[in-house]
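*Asks:* One line per chain: the protein sequences are A and B, in this order. With the working numbering applied, the first sequence corresponds to residues 1375 to 1837, in that order. With the working numbering applied, the second sequence corresponds to residues 1375 to 1837, in that order. All residues carry an ideal CB built from backbone N, CA and C; glycine is no exception. Would you mind keeping the following structure in view while I ask a few things?
2 protein chains.
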Amino acid sequence: MSQLLNELATIAGPGGLLTGDEVSSRASGIWRSDGIQAQAIVRPRDTEQVSRILKLCNKAGQSVVTHGGLTGLVEGAISAPDDIALSLERMNQIEDVNVVDRTMTVQAGVVLQAIQERADDHGLMYPLDIGGRGSCTIGGNIATNAGGNRVIRYGMTRDMVLGVEAVLADGTVVSSMNRMIKNNAGYDVKQVFIGSEGSLGVVTRAVLRLRERPRSQATVLAALDGFDKVGQLLKTMDAKLGGALSAYEVLWNEFYRLVTTPPAKQKPPLSQDYPYYALIETMGGDPEGDHARMESALAEAYEEGLVADAAVATSEAQRQEMWAIRDDVEQTTHFDPNFIFDVSMRLSKMEGYVEEVNRRLTATFGDYTNFTFGHIGDGNIHFAISAGDSEESAREGVERAVYEPLHAIGGSVSAEHGVGLEKKPYLHLSRTSEEVALMRTLKRALDPKGILNPGKIFELAPG
Amino acid sequence: MSQLLNELATIAGPGGLLTGDEVSSRASGIWRSDGIQAQAIVRPRDTEQVSRILKLCNKAGQSVVTHGGLTGLVEGAISAPDDIALSLERMNQIEDVNVVDRTMTVQAGVVLQAIQERADDHGLMYPLDIGGRGSCTIGGNIATNAGGNRVIRYGMTRDMVLGVEAVLADGTVVSSMNRMIKNNAGYDVKQVFIGSEGSLGVVTRAVLRLRERPRSQATVLAALDGFDKVGQLLKTMDAKLGGALSAYEVLWNEFYRLVTTPPAKQKPPLSQDYPYYALIETMGGDPEGDHARMESALAEAYEEGLVADAAVATSEAQRQEMWAIRDDVEQTTHFDPNFIFDVSMRLSKMEGYVEEVNRRLTATFGDYTNFTFGHIGDGNIHFAISAGDSEESAREGVERAVYEPLHAIGGSVSAEHGVGLEKKPYLHLSRTSEEVALMRTLKRALDPKGILNPGKIFELAPG
């Protein structure tokens, strides 16, 4: 072992350094088949060890890629053979839950689901919920500013994190473990680390804001006969439900058909002939009243001509069935190759944008399938597109069809997944050169040697 | 006029540069009597002019203090005789309102109330509301991350701003005018400018997130017989009201007595003998249902023994009367000298903290008055303290009594007002040296010559 690895092993203690097969036998992502490439995986037990590790690596100019649960979808935590992977898997302690302050203090390696469950034990809720909940870590959630199904009500991870402790590239520990909703004492330095994909510092601990656990969820699946009504219905439901609206998901016809037709298990609660379906949910504090309110809101929407048909979930089982329809993205994997996207744009531009993407797919590929759905209350569309003969030959054509039209409408190539390596070639479509230059300025100021997650998001030297 | 002033006059065009009496005859703050000190006030009409002004000043090493509505309370926009004051008062255009996207695009000099009214014209709401609404500008709100009465529901300014355009010290225009709720395409660079008190860039335009206008407000004043119940009642109301809770203000006994006893105009809706009073409000979408829900939540709180007595507002006039009680801070000005504070801490530490402040005031001054109230749902206390013989002789003793105990409990010397010059000596009580060092790193990276609002928040060179 090199001198550096020896020193890292000493810092991390017994079992703290993995090399050789212990590295390559681990998958590089939980949905990937290739093994991790890295000189070693170092697994610190506390912030002080992280600080010593980074200090050492910084001195040596050694690149470091931080690993959380490896559930990311944009190659944001992929390491190269020369990198050191810094895994926070042994920093998995929930340090404190305070039911009066409604905060939880955690180490960065705690798995999201453990946080959700611990909050629930105290009659509270940590609102972040994403598909990777059983594997993703809060450190990764913070590094990627994770979103999910409830953003319309509770915001993204940025809005759920009160304080952060992070270690800078040079080993400096910046403990900004604020516990208050309001704190304007100088710059809010934690914002720098949230959503920076591990490139400006390594988040080691955090203070999370908890909410009261909802006492009821009221859920409706509505059919809409035009896209203009998608926006109008959102406004009506939002206005009528007065703060309780927690999900507004929309399924385009093709997606709805796919996930309510065998081999999919779910049956269609509404006819398959409408162009759009909205899955609408509230989280409330008054089980009886909340369902009545949802029905009253729905009645108002009928009167305004916004809803063509609707099904109300009258039991938890029915509620689960409706979500199973929304969540059955797996059906799209029957189509090969299969490209999944995560983009966002203003609601007023969405219909035209989706049409434009389909026009471009037709022009490029002739035949294709595009299953469209997403968190439309947040302007966030997911596409599952199949086109071309192979992943390799079709990727660029599909990506360009999806990403290029975003530029003209001020849309984003990444609503919630981040940039990593995968979206780096397209970042310029969503950010001006001055914005990227400012990102570089921040990177150089905080990580002058460029050791943290190098090459992700943007190149350090302007192209 | 100097060469620099001549060039500034050329850039800003007719009426764009004020000097001499035109400067000194303007108050340095809307609640201050001293005049503005500055070489000149330059008043650009657009972002391009701001860019040219800063480029010129940066080249000359000329300090620039940006002026919004001058409603700040911490000497954050005070300029010195050598400074150039950059006033955005002529950049006061509302550029666009989109009712589908629920966004408003504004220039930084637009007054908050104009934004509120324009949103209202479209059946929408911009939720920020603070006392200075008729004079403060959105640029100042962004620079100070303004809070106010509805933070518990809608967050602070940081949570209401989707995009920002800012000019860096060297004149670079960073246009980050995002219009989406979700956008993880690289670092969220706008976060750098929000709450940095004009020291990292000059915000020139912004995209604001609008909400549906509430259809009803239900308001209750509750009397509580112990501080433990302040926290418990907050939890019960929050859980029961399911997202509709928009204000949870608490008045300590001395404040309540003061503002419900002549010469104050308001009569006490509840006996003056309780230690705490909570003003609770919801914003909802269902006028009848919302009032019933508030009464049901109150009934639950009674059952749990959390509320000793309560008055429900049954008309808009009664609602206004309850808020007039909360807002009648002017009564504290009958006591001289009068020191107003804005601090925050965890709810679990609040009762002990207030006791400690009073202990210290007794120890230092013997006699004093301390009227305590605030946005307790956010952990934000305001004190109006009168002690000592004169403002000059008492200031340091009062400030130390209030600020010093915050250090041990992780509280903030500034919940919402910012730091400016006034709180700069106390910043170290709420931020670690590593946090302040990181603030300096950001400042040096974005404004290497230190021309923007120099000397505010912290000294550029570590002390």
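For the segment 1507 to 1525 of chain A, enumerate the residues whose C-beta is nearer than 8 angstroms to any C-beta of chain B, in chain order.
*Replies:* If the cut-off is 8 angstroms between Cβ atoms, the segment 1507 to 1525 of chain A has T1518, N1519, G1521, V1525 near chain B.
*Asks:* Determine which residues share a DSSP beta bridge with T1579/B and list them.
*Replies:* For the sequence presented, residue 1579/B should be read as Arg rather than Thr. Answer by DSSP bridge pairing, in chain order: Q1481/B, E1539/B.
*Asks:* Kindly indicate if chain B contains any beta-carbon less than 8 angstroms away from that of D1752/A.
*Replies:* True, the Cβ-Cβ gap to chain B drops below 8 angstroms.
*Asks:* Looking only at DSSP bridge pairs, what is L1826/B linked to?
*Replies:* Note: L1826/B sits in a beta bridge opposite V1438/B.
*Asks:* Is any non-hydrogen atom of the ligand ZN found closer than 7 angstroms to the C-beta of L1619/A, if you look at the structure I gave you?
*Replies:* Among the ligands in the structure shown, none appear at all, so the ligand ZN cannot be discussed.
*Asks:* So, S1453/B versus P1828/B, is the Cβ gap smaller than 8 angstroms?
*Replies:* No.
*Asks:* Looking only at its own chain, which residues have a Cβ that is under 6 angstroms from the Cβ of P1643/A, when we skip the five neighbours before and after it?
*Replies:* Result list for P1643/A: L1595, A1685, in chain order.
*Asks:* If you follow the alpha helix (DSSP H) that Y1777/A is in, where does it begin and where does it stop?
*Replies:* Segment 1765 to 1782, the alpha helix (DSSP H) holding Y1777/A.
*Asks:* Short of 7 angstroms Cβ to Cβ, which residues in the segment 1594 to 1623 of chain A face chain B?
*Replies:* Per Cβ criterion, the list reads G1605, K1609, D1612, A1613, K1614, L1615, G1616, G1617, A1618.
*Asks:* Taking the Cβ atom as the reference point for each residue, do K1556/A and V1538/B lie within a distance shorter than 8 angstroms?
*Replies:* Not closer than 8 angstroms, so no.
*Asks:* Is there a Cβ of chain A sitting closer than 8 angstroms to that of Q1565/B, yes or no?
*Replies:* By this cut-off, Q1565/B is an interface position.
*Asks:* Could you tell me the boundaries of the beta strand (DSSP E) in which V1525/B lies?
*Replies:* Segment 1525 to 1528 is the alpha helix (DSSP H) holding V1525/B; no beta strand (DSSP E) there.
*Asks:* Pick out whichever of I1458/A, G1560/A, T1393/A, T1531/A has its Cα sitting closest to the Cα of H1791/B.
*Replies:* Cα-wise, what sits closest to H1791/B is G1560/A.
*Asks:* Who does V1717/B pair with in a DSSP beta bridge?
*Replies:* In DSSP, V1717/B forms a bridge with I1755/B.
*Asks:* If contact is defined by three or more beta carbon pairs under 8 angstroms, each pair taking one atom from either stretch, is the segment 1620 to 1630 of chain A in contact with the segment 1742 to 1756 of chain A?
*Replies:* Yes, the segment 1742 to 1756 of chain A touches the segment 1620 to 1630 of chain A.
*Asks:* Tell me which same chain residues have a C-beta within less than 6 angstroms of the C-beta of L1460/B, skipping the five on either side of it?
*Replies:* Result list for L1460/B: V1416, V1438, T1440, in chain order.
*Asks:* Is there contact here, the segment 1772 to 1790 of chain B with the segment 1536 to 1551 of chain B, by at least three beta-carbon pairs under 8 angstroms?
*Replies:* Short answer: they don't touch.
*Asks:* Please return the same chain residues whose Cβ sits closer than 8 angstroms to the Cβ of G1600/A, not counting the five positions on each side in sequence.
*Replies:* Correct list, in chain order: P1649, Y1650.
*Asks:* Can you tell me where the beta strand (DSSP E) holding M1657/B begins and where it ends?
*Replies:* From DSSP, the beta strand (DSSP E) with M1657/B extends over 1650 to 1658.
*Asks:* I need the straight-line Cα distance from E1662/B to I1714/B, nearest angstrom please.
*Replies:* When rounded, the distance between both Cα atoms is 39 angstroms.
*Asks:* Could you check where the alpha helix (DSSP H) with E1628/B kicks off and where it finishes?
*Replies:* Where E1628/B is concerned, the enclosing alpha helix (DSSP H) stretches over 1627 to 1633.
*Asks:* Starting from the Cα of D1338/B, find the closest Cα among R1700/B, S1620/B, L1632/B and give me that residue.
*Replies:* No statement about residue 1338/B is possible, as the shown extent of chain B runs from 1375 to 1837 and does not include it.
*Asks:* Could you check the C-alpha separation between G1403/B and M1551/B for me, to the nearest Å?
*Replies:* Answer to the nearest angstrom: the Cα atoms are 30 angstroms apart.
*Asks:* For D1456/B, which residues in chain A fall below 8 angstroms Cβ to Cβ?
*Replies:* None at all; the shortest Cβ gap to chain A is about 25 angstroms.
*Asks:* Can you name the residues of chain A whose CB is closer than 9 angstroms to the CB of N1588/B?
*Replies:* Residue 1588/B is actually Pro in this sequence, not Asn. In chain order: A1613, G1616, G1617.
*Asks:* What did DSSP end up calling Q1487/B once you bin it into helix, strand or coil?
*Replies:* Q1487/B: helix per DSSP, three-state reduction.
*Asks:* Give the DSSP-derived three-state secondary structure of A1596/A in the structure shown.
*Replies:* Strand at A1596/A.
*Asks:* Closer than 8 angstroms, CB to CB, is A1559/B near chain A or not?
*Replies:* Yes - at least one Cβ of chain A is within 8 angstroms of the one on A1559/B.
*Asks:* Report the residue ranges of all beta strand (DSSP E) runs contained in full by the segment 1415 to 1477 of chain B; include only those spanning at least 3 residues, in chain order.
*Replies:* Within the segment 1415 to 1477 of chain B, the complete beta strand (DSSP E) runs of at least 3 residues are 1438 to 1441, 1458 to 1461, 1468 to 1472.
*Asks:* Report the three-state DSSP secondary structure of L1795/A (helix, strand or coil).
*Replies:* Coil at L1795/A, not helix or strand.
*Asks:* If you follow the alpha helix (DSSP H) that G1663/A is part of, which residue opens it and which one closes it?
*Replies:* Run containing G1663/A: 1661 to 1677, per the alpha helix (DSSP H) assignment.
*Asks:* Chain B partners of N1472/A, CB-CB under 8 angstroms?
*Replies:* Correct list: R1720, S1722.
*Asks:* Taking contact to mean at least 3 C-beta pairs separated by less than 8 angstroms, is the segment 1516 to 1534 of chain B in contact with the segment 1495 to 1503 of chain B?
*Replies:* Judged by Cβ distances under 8 angstroms, the segment 1516 to 1534 of chain B makes contact with the segment 1495 to 1503 of chain B, as three or more pairs qualify.
*Asks:* In three-state terms, what does DSSP make of A1737/A?
*Replies:* Three-state DSSP puts A1737/A in a helix.
*Asks:* Let's see if you can read the secondary structure: which residues bound the alpha helix (DSSP H) around T1546/B?
*Replies:* That residue, T1546/B, is in no alpha helix (DSSP H); it is neither H nor E in DSSP.
*Asks:* Are at least three pairs of beta-carbons, each pair with one atom in the segment 1599 to 1619 of chain B and one in the segment 1701 to 1712 of chain B, less than 8 angstroms apart?
*Replies:* No: the two stretches stay apart, fewer than three of their Cβ pairs being nearer than 8 angstroms.
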